[in-house]
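**Student:** There's a structure below that I have some questions on.
Residue numbers (the numbering used here): 40 to 819.
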């Protein structure tokens, strides 16, 4: 794998500059945490674009910071570490660190193409990150993470029907401060991050934040010609953020930000035939530390950003402008078949088993730019009426290149040749006009209403060609397809909040959300028939959601405990669903007439005695596709060792069209749950500290559980995972300035499939292994 030439220098600079302390030790407010008096600190969030106590916000929301965020980052985990650590939230990826996919209340998108539209929006420092390669930006020097569940279509706009994951970094201040953290762990993993900042004169403050992470390859590649030791799963990643806060006057703030990310490593490791036909769960062919694969495996991501946030306090109102420009490029190679060239190795030698034909693909983003501009007017003062209004503009230009490889040979492909090349070009523009107001009817009762007009346009072109020196084994004609979509929509929300007592708040909310129309044309392997190329390009028309929610937020036991409970019901109409895979290894967009979801979420924190803090989260999500005529392809190619041919997996749905040789069966998916949508998610943490000297010796543990998930729209015995239970432990000594700790992540070494590939074999990929290490840090 490739390494950053300056890796040692970066780690040295971070350590020498004092960058070695935990996130909880940053100068940002930590929450939740137990105060010396035994009570819980107030949690401040910006879910409604203004600072508020979480207990007063009439939305189902969870904030993550302090010890929990610190523990999740131990060992260099990326944003996927949040999965199941928050009620109703799942994060997964078939691209590893490059391309996270978020799901809230069961709503997400399993599409693995680089133009995938997701119903969960990721907002980083007030800027929406639309493209998947931007959503993987590292989490470092973070004040807090907020997960807003349910449609957020008024203040945050397009493509938020499921909710938002919101990151807020620590900002420059007029006090000189900093933090740092340096850890070393299993697989020679290094995680170094930190920040330093303070005033530069009377009107300027700066903050410089940096992060460097690396990990050795630790998976052996068992090839027919011998074993390649430590060949896969390593990476190097570096990210930097520089912020400057300029205050020309007492009423004007200008925050300028520049940040970059550089990632080099190996791509997600696909493991062929780790499922056994007719049986659930990983089989004896699976070994976490060994694999047999013949394809290339590499991954690179480069992204950069420049932004400006200007706030002018004009007395009764404030004017806010947020301008942001992102660009990036990426490439990732996946051996989709999991090891065609090692086909003959028996399972007891970690051979991949039967693989009918090769599939090795490279997906690249040679060019991505995203420009956003938001203008807001916000009311000031403590009167009964508060309001916001604004305008939002979005402009994205995206190019994607997908290539089909055959590194070590296939009867249909020449050795080392590129057989099919697909180039996609997409231009997206959108704008929105919005307003929201809250009126305090009495000291206890308030109402809020908001509305937003959305306008979206997208132009798309796909060109499919082949390397002419090799035969074209597909029968489809090659050529160019152009498509365009547009739509406009009105989204809104309304809620009522009632303070029953000083410590108990009740609320009810109804909201309407919207996802813009999408186009998909990853046509490397369209159906091998004489159909037009256009049949491989699919359009998902706009989806709309109406969500009903009610909840209670309570602080009890003299401030020692908080319990927040919400229940919800939603109807998603014209739901955009992605039919992933099948025998063509493509993503096809389909619309379901309706998806019904309902459930509840519970967040709890309690400090039963001094120096002990317990937290827990629990959610139940029921999702159901409701469309009697909706069908999709299932189980990829058929087996070639049987006669007559049968499907490559055990289908549980009604079969509409039986599988033919090398063609998937067509099944009805009415009544199925959504993919990557577990019924139950639970998480809990405990921290106990014993005062020693100027600090405390502490033990912190965090656990997460999710129940059964299906990987695709259809249901089968094989493409699922029954449950996942992961835990972490952190033990250390902490003072106001220093923290020394040892940690273990995935302490029970839980081994769970987190996704599958439906193409020509029973291929899957798994969660991260157990890791351990030590960490040292301080703040100033």
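Cβ coordinates follow ideal geometry from the N, Cα and C atoms, glycine included. Fair warning: this is a prediction, and the values are worked out from it, not measured in the lab.
Classify residue 21: buried if its beta carbon has 16 or more other beta carbons within 10 angstroms, exposed otherwise.
**Tutor:** The first residue shown for the chain is 40 and the last is 819, placing residue 21 beyond what the model contains.
**Student:** Nearest by alpha-carbon distance to residue 354: which of 416, 407, 376 and 412 is it?
**Tutor:** For the purposes of this step, residue 354 is taken as the residue at position 315 of the chain shown. With distances taken between Cα atoms, residue 354 lies closest to 416.
**Student:** Helix, strand or coil for residue 226? Go by DSSP, reduced to three states.
**Tutor:** Within the chain shown, residue 226 is the residue found at index 187, counting from 1. It is helical.
**Student:** How would you write the range of the beta strand (DSSP E) that residue 664 sits in, first residue to last?
**Tutor:** As a working note, residue 664 is residue 625 in the chain shown. Counting along the chain, the beta strand (DSSP E) containing residue 664 begins and ends at 651-665.
**Student:** Is the beta carbon of residue 470 sitting closer than 8 Å to the one on residue 558?
**Tutor:** Reading the chain shown from its first residue, position 431 is the one you call residue 470. Reading the chain shown from its first residue, position 519 is the one you call residue 558. No, the pair does not count as a contact, with Cβ atoms beyond the cut-off.
**Student:** How many whole angstroms separate the CB atoms of residue 602 and residue 588, which I take to be in contact at a CB cut-off of 8 Å?
**Tutor:** Taking the chain shown and counting its residues from 1, one reaches residue 602 at position 563. Taking the chain shown and counting its residues from 1, one reaches residue 588 at position 549. Rounded, the Cβ-Cβ distance is 17 Å, inconsistent with contact.
**Student:** Pick out whichever of 654, 399 and 267 has its Cα sitting closest to the Cα of residue 600.
**Tutor:** For the purposes of this step, residue 600 is identified with residue 561 of the chain shown, where counting begins at 1. Per the Cα distances, 654.
**Student:** Using 8 Å for Cβ pairs, my map puts residue 162 next to residue 182. What's the rounded Cβ distance?
**Tutor:** On the chain shown, residue 162 is found 123 positions in, with the first residue counted as 1. On the chain shown, residue 182 is found 143 positions in, with the first residue counted as 1. Contact flag wrong, Cβ pair sits at about 14 Å.
**Student:** Thinking just about the alpha-carbon of each residue, which of 124, 755 and 272 is nearest to the one in residue 317?
**Tutor:** Residue 317 sits at position 278 when you count from the first residue of the chain shown. When only C-alpha atoms are compared, the closest one is 755.
**Student:** Between residue 810 and residue 225, how many whole angstroms is the CB-CB distance? I'm expecting something under 8 Å.
**Tutor:** Stepping through the chain shown from its first residue, residue 810 is reached at position 771. Stepping through the chain shown from its first residue, residue 225 is reached at position 186. Residue 810 to residue 225, Cβ: 5 Å. Contact.
**Student:** Beta-carbon separation of residue 260 and residue 270 under 8 Å?
**Tutor:** Here the question's residue 260 lines up with position 221 in the chain shown. Here the question's residue 270 lines up with position 231 in the chain shown. Contact flag set, yes.
**Student:** Using 10 angstroms around the beta-carbon of residue 762, count the other beta-carbons present and answer buried if the total reaches 16, otherwise exposed.
**Tutor:** Numbered from 1 along the chain shown, position 723 holds the residue referred to as residue 762. Label assigned to residue 762: exposed.
**Student:** What distance in whole Å lies between the Cβ atoms of residue 143 and residue 188, which are believed to be in contact at a cut-off of 8 Å?
**Tutor:** Position 149 of the chain shown holds residue 188. Position 104 of the chain shown holds residue 143. Between residue 143 and residue 188 the Cβ distance is about 5 Å, and since that is below 8 Å, they are a contact.
**Student:** Taking the alpha helix (DSSP H) that residue 171 belongs to, which residues open and close that run?
**Tutor:** Walking along the chain shown from the start, residue 171 turns up at place 132. Per DSSP, residue 171 belongs to the alpha helix (DSSP H) from 171-174.
**Student:** Per DSSP, what kind of secondary structure is residue 109 in: helix, strand or coil?
**Tutor:** Position 70 of the chain shown holds residue 109. Helix at residue 109.
**Student:** CA-CA distance, residue 713 and residue 302?
**Tutor:** In the chain shown, the residue the question calls residue 713 occupies position 674. In the chain shown, the residue the question calls residue 302 occupies position 263. When rounded, the distance between both Cα atoms is 32 Å.
**Student:** Using CA coordinates, which residue listed in 651, 394 and 154 is at the minimum distance from residue 801?
**Tutor:** What you label residue 801 is simply residue 762 of the chain shown in a count that begins at 1. With distances taken between Cα atoms, residue 801 lies closest to 394.
**Student:** Which of the three DSSP states is assigned to residue 180 in this structure?
**Tutor:** Taking the chain shown and counting its residues from 1, one reaches residue 180 at position 141. It is coil, neither helix nor strand.
**Student:** Under the DSSP definition of a beta bridge, which residues are partnered with residue 760?
**Tutor:** Along the chain shown, read from residue 1 onward, the residue named residue 760 stands at position 721. BP columns for residue 760 point to 748.
**Student:** Name the two residues that bound the continuous beta strand (DSSP E) containing residue 210.
**Tutor:** For the purposes of this step, residue 210 is taken as the residue at position 171 of the chain shown. Unbroken run through residue 210: none, as it is neither H nor E.
**Student:** Flag this pair as yes or no: are the beta carbons of residue 431 and residue 442 separated by less than 8 Å?
**Tutor:** In the chain shown, counting from the first residue as 1, residue 431 sits at position 392. In the chain shown, counting from the first residue as 1, residue 442 sits at position 403. The answer is no: Cβ separation not under 8 Å.
**Student:** Determine the direct distance from the alpha carbon of residue 233 to that of residue 300, and round the result to whole angstroms.
**Tutor:** As a first step, residue 300 is located in the chain shown; it is residue number 261 there, counting from the start. As a first step, residue 233 is located in the chain shown; it is residue number 194 there, counting from the start. The alpha-carbon atoms of residue 300 and residue 233 are separated by roughly 15 Å.
**Student:** In the DSSP assignment, find the beta strand (DSSP E) that holds residue 352 and state where it starts and stops.
**Tutor:** Locating residue 352 in the chain shown gives position 313, where the first residue counts as 1. Where residue 352 is concerned, the enclosing beta strand (DSSP E) stretches over 338-352.
**Student:** With DSSP as the reference, label residue 576 as helix, strand or coil.
**Tutor:** Taking the chain shown and counting its residues from 1, one reaches residue 576 at position 537. Coil, per DSSP.
**Student:** Thinking just about the alpha-carbon of each residue, which of 819, 358, 723 and 781 is nearest to the one in residue 642?
**Tutor:** Numbered from its first residue, the chain shown carries residue 642 at position 603. Comparing Cα positions, the closest option is 723.
**Student:** Return the first residue and the last residue of the beta strand (DSSP E) that residue 534 is part of.
**Tutor:** As a first step, residue 534 is located in the chain shown; it is residue number 495 there, counting from the start. That run of the beta strand (DSSP E) goes 518-538.
**Student:** Considering only their Cβ atoms, is the gap separating residue 411 from residue 351 smaller than 8 Å?
**Tutor:** Start at 1 with the first residue of the chain shown, and residue 351 comes out as number 312. Start at 1 with the first residue of the chain shown, and residue 411 comes out as number 372. Taking 8 Å as the Cβ cut-off, residue 351 and residue 411 do not qualify as a contacting pair.
**Student:** Relative to the alpha-carbon of residue 421, which residue among 372, 477, 663 and 408 has its alpha-carbon at the smallest distance?
**Tutor:** For the purposes of this step, residue 421 is taken as residue 382 along the chain shown, with counting starting at 1. It is 477.
**Student:** For residue 426 and residue 418, I'd like the C-alpha separation in whole angstroms.
**Tutor:** Residue numbering aside, residue 426 sits at position 387 when the chain shown is read from its first letter. Residue numbering aside, residue 418 sits at position 379 when the chain shown is read from its first letter. Going by the C-alpha atoms only, they are around 5 Å apart.
**Student:** For residue 272, which residues in the same chain have their Cβ closer than 7 Å to its Cβ, ignoring the five residues on either side in sequence?
**Tutor:** The residue given as residue 272 occupies position 233 in the chain shown. The answer, listed in chain order, is 256, 257, 258, 305 and 308.
**Student:** Going by alpha carbons, who is nearest to residue 175 out of 167, 139 and 777?
**Tutor:** Numbered from 1 along the chain shown, position 136 holds the residue referred to as residue 175. Taking only the C-alpha atoms, the option nearest residue 175 is 139.
**Student:** Below 8 Å, can you find three or more Cβ-Cβ pairs linking the stretch 101-113 to the stretch 763-778?
**Tutor:** The answer is yes - the stretch 763-778 touches the stretch 101-113, with three or more Cβ pairs under 8 Å.
**Student:** In whole angstroms, what is the alpha-carbon distance linking residue 114 and residue 250?
**Tutor:** Within the chain shown, numbered from 1, the residue matching residue 114 stands at position 75. Within the chain shown, numbered from 1, the residue matching residue 250 stands at position 211. Those two C-alpha atoms are separated by around 13 Å.
**Student:** What are the boundary residues of the beta strand (DSSP E) that includes residue 282?
**Tutor:** The residue labelled residue 282 in the question sits at position 243 within the chain shown. Start and end: 274-288.
**Student:** Would you call residue 583 buried or exposed, if buried means 16 or more other Cβ atoms sit within 10 Å of its Cβ?
**Tutor:** On the chain shown, position 544 is the one that residue 583 refers to. Buried: at least 16 other Cβ atoms inside 10 Å.
**Student:** Please classify residue 218 as buried or exposed, where buried requires at least 16 other C-beta atoms within 10 Å of its C-beta.
**Tutor:** Working through the chain shown from its first residue, we reach residue 218 at position 179. Classification of residue 218: buried, given that the 10 Å Cβ count is 16 or more.
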